[in-house]
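Single-structure report; data block below.
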Amino acid sequence: MTSQPEQHEEHTGDEAAIGFDDLTRDIAEVPAVEVITTVAVHLMSAAAVKCGLAEGGEKDKDLDEARKLITALAGLVTAGAPEISNFHAAPLRDGLRSLQLAFRESSLVPDAPGSGPGEKFTGPVYS
Numbered sequence: 001m002t003s004q005p006e007q008h009e010e011h012t013g014d015e016a017a018i019g020f021d022d023l024t025r026d027i028a029e030v031p032a033v034e035v036i037t038t039v040a041v042h043l044m045s046a047a048a049v050k051c052g053l054a055e056g057g058e059k060d061k062d063l064d065e066a067r068k069l070i071t072a073l074a075g076l077v078t079a080g081a082p083e084i085s086n087f088h089a090a091p092l093r094d095g096l097r098s099l100q101l102a103f104r105e106s107s108l109v110p111d112a113p114g115s116g117p118g119e120k121f122t123g124p125v126y127s
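Heads up, the sequence shown is in our numbering, so the first residue is 1 and it goes up one at a time.
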């Protein structure tokens, strides 16, 4: 009976090693533009949830967290735009602006123009 768990453990270890090698090889093949846009989309999605725009609505709303995510997204989009071309950056900028406006509308006390999340990178956002 002791040989079966040992075989299972070895098999699990082999699978983990293969998985790591596959992941390493896969990330090496992914173009930078794809990595940047994927990260931006994840930040955008998380910020939308924290702004209360997702299915959970008000129960998931956390504007302090949303501010952090939107600011990080603004930094990434602003810094990455020259590297990923306007074709990829334009929709990210549009999504960012929509989140900034949604944040402003959700705030009980709106930030002054230029002081909202990410606006130090994007400049003031007006509706």
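Beta carbons: idealized from backbone N, C-alpha and C, even for Gly.
None of these values were measured; they are calculated from a predicted model.
Cα-Cα separation between residue i and residue j, rounded to whole angstroms
i, j, result
"Thr78", "Ala47", "17 angstroms"
"Val30", "Lys68", "27 angstroms"
"Val109", "Leu96", "20 angstroms"
"Ser106", "Ser45", "16 angstroms"
"Ile27", "Leu99", "29 angstroms"
"Gly56", "Asp62", "12 angstroms"
Residues near residue i in its chain [Cβ-Cβ closer than 6 angstroms; skip 5 each side]
i, result
"Phe121", "Ala74, Gly75 and Thr78"
"Leu92", "Ala40 and Val77"
"Ser127", "Leu101"
"Phe87", "none"
"Ile36", "Gly80 and Ile84"
Buried or exposed by the 16-neighbour rule on C-beta atoms within 10 Å, applied to residue i
i, result
"Val125", "buried"
"Lys59", "exposed"
"Gly123", "exposed"
"Pro113", "exposed"
Expected contact under 8 angstroms - CB spacing of residue i and residue j to nearest Å
i, j, result
"Ala81", "Ala89", "4 angstroms"
"Ile84", "Val33", "5 angstroms"
"Arg104", "Asp111", "7 angstroms"
Residue of the options minimising C-alpha distance to residue i
i, options, result
"Ser115", "Glu83, Ile70 and Pro91", "Ile70"
"Glu65", "Gly56, Glu55 and Leu43", "Leu43"
Neighbourhood of residue i by C-beta, 7 angstroms cutoff - its chain only, sequence neighbours within 5 removed
i, result
"Leu53", "Ala102"
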